Amino acid sequence: NNVINFNDINNDYLIYEYYINSDANTSNQKESMLRFLKNAIDIALTDKQKMYFIEYFLNGKSIKEIAEQTNRDTSTVSRQITRSKERIRKFAPLYFNK
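Per this note's numbering, residue -18 is the first one in the sequence shown, and the count goes up by one each step.
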């Protein structure tokens, strides 16, 4: 058994993972969420934010690893990931209220 502590960094990822893997959701709901995420990444994020977001959430790299890989400060990477999450949250009502 593993203990996972919720914090600002992993909270959104864990909720997303739970939603995607939940038995209560149909494949249509999962497909809709994945379609939304792909569109939000493509439309709402800058190129740097896309790269940081994908590396962090989809490839599972740490902020420190991303910072070293891109020669950026960890605070810069963290700030860009936070901004990308905010932009995606703002994009959600536009997508789901169609």
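Yeah, the Cβ is synthetic: ideal placement off N, Cα and C, and Gly gets one too. Here the structure is a predicted model, which means the values were calculated and not measured.
Per DSSP, reduced to three states, the secondary structure at K66 is helical. Relative to K66, the option among I22, Q10, G41 whose CA is nearest is I22. Judged by their CB atoms, Y33 and I69 are not nearer to each other than the 8 angstroms cut-off. Assignment of alpha helix (DSSP H) within the segment 1 to 52, counting only whole runs of 4 or more residues, yields 8 to 25, 28 to 34, 44 to 51 in chain order. Distance between F17 and A73, taken at the CA atoms: about 8 angstroms.
The shortest C-alpha to C-alpha distance from K42 to any of S59, M14, D28, K71 is the one to S59. In its chain, beyond the 5 residues on either side, Y33, E36, Y37, V58 have a beta carbon closer than 7 angstroms to the beta carbon of I47. Between the alpha carbons of N52 and D28 lies a gap of roughly 16 angstroms.
Burial of I44 is indicated by the presence of at least 16 other C-beta atoms within 10 angstroms of its C-beta.
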